[in-house]
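*Asks:*
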Amino acid sequence: MHRPNLVMVESTESTQDMAGKMAAEGFPSGAAVMALRQTRGRGRSGSEWISPPGKNLSLSVILRPVIEIRHAPLIGMLASIAVATVVDLACEPYQAFLKWPNDVLIQNRKIAGILSEARITDSSLEFIVLGVGINVNSSVDDFPVEMSDSLTSMSIITGRTFDLRITAERFLEALGELIARVETEGPSFVPSVWEKRWAHKGHSLIRDGIKGTATGIDSDGALLMKLPGGEIVRISSGAILAT
Ligand code: BTN
26 MHRPNLVMVE STESTQDMAG KMAAEGFPSG AAVMALRQTR GRGRSGSEWI SPPGKNLSLS
86 VILRPVIEIR HAPLIGMLAS IAVATVVDLA CEPYQAFLKW PNDVLIQNRK IAGILSEARI
146 TDSSLEFIVL GVGINVNSSV DDFPVEMSDS LTSMSIITGR TFDLRITAER FLEALGELIA
206 RVETEGPSFV PSVWEKRWAH KGHSLIRDGI KGTATGIDSD GALLMKLPGG EIVRISSGAI
266 LAT
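First residue of the sequence shown: 26, per the numbering used here; consecutive thereafter.
(1) Distance check for Val215 and Leu248, CA to CA, integer angstroms please.
(2) Could you give the uninterrupted runs of the beta strand (DSSP E) lying entirely in the stretch 137 to 181, keeping only those of 3 residues or more?
(3) If you run the structure through DSSP and keep just helix, strand and coil, what is Thr40?
(4) By Cβ distance below 6 Å, which residues in the same chain neighbour Gly156 in space, the five residues on each side in sequence not counted?
(5) Answer yes or no: the CB of Arg190 versus the heavy atoms of the ligand BTN, is any distance below 7 Å?
(6) Which full runs of the alpha helix (DSSP H) of 4+ residues lie inside the stretch 181 to 261, going along the chain?
(7) Indicate the three-state DSSP secondary structure (helix, strand or coil) for Arg65 in the structure shown.
(8) Does the beta carbon of Ser72 fall short of 7 Å from some heavy atom of the ligand HEM?
(9) Roughly how many angstroms lie between the CA atoms of Leu176 and Ala224, to the nearest whole one?
(10) Compare the beta carbon distance of Val161 and Met179 with 8 Å and say whether it is the shorter of the two.
Rendered as structure tokens:
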């Protein structure tokens, strides 16, 4: 299937910036842009997202969900579920798992990351630009040496190469189905669906030097951590280390 709302460019600084401009100009929900090369790809928490040209999927999608601002993090989580279904299909019999808030793992290594950026106007959610980076055809040599144990790609897992545009279309299809569900019933289903793929449910975690157990995901996407004394704390952002 060819998606008329998927633009492909050779090179750009960041598809996030391109899609952000398109959204501000009025492009509709579902419009997406992918680039074969990003010269200033961005990751979460201000990090850089580096990917060898032409090998991996770098895609940003405009979404205009009618949801409360506090539920916006659920859209990034929804995207990680959609990526996981695409990775499952490509990497069968291996299965994709999720790391809070929205990393996708396979064989305990990161295969995809999601950067969700929202624009809020007059206290309502105007749009979200959802950035998705999937390691599709990277080889081990493409990763920085110090990260080669923690990253993987669809190609490394399967020994095959994949078409980037088809991978993008499969992701947009899976995302579209989940967004349609949000439109009909709201986003309250997201935490339970996300938890089914959670790699660390019940695991010990460390946050800011405090140890606890990952017990669940709250209705707004926050991670619920149980402290040794039984108190439950909510974690809304920031790095979590699995122990
Ligand atoms: C992460 O840190 O795990 C999130 C990475 C998100 C990378 C994607 S690639 C497409 C889009 N454009 C960017 O500059 N970043 C996102």
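For every residue, glycine included, the Cβ atom is placed at its ideal position computed from N, Cα and C.
Small disclaimer: the values here were computed from a predicted structure and weren't measured.
*Replies:* With the given structure in hand:
(1) So the alpha carbons of these two residues sit roughly 13 Å apart.
(2) Contiguous beta strand (DSSP E) elements confined to the stretch 137 to 181 occur at 149 to 159, taking only those with 3 or more residues.
(3) Residue state, collapsed to three classes: helix.
(4) Excluding residues within five positions, the ones whose Cβ falls inside 6 Å are Gln41, Ser85, Leu140.
(5) No - the ligand BTN has no heavy atom lying nearer than 7 Å to the Cβ of Arg190.
(6) Segments of the alpha helix (DSSP H) lying fully in the stretch 181 to 261: 189 to 210, 215 to 220.
(7) Here Arg65 sits in coil by DSSP.
(8) The ligand content of the structure shown is limited to the ligand BTN, which means the ligand HEM is not among them.
(9) Straight-line Cα distance between these residues: approximately 15 Å.
(10) Yes.
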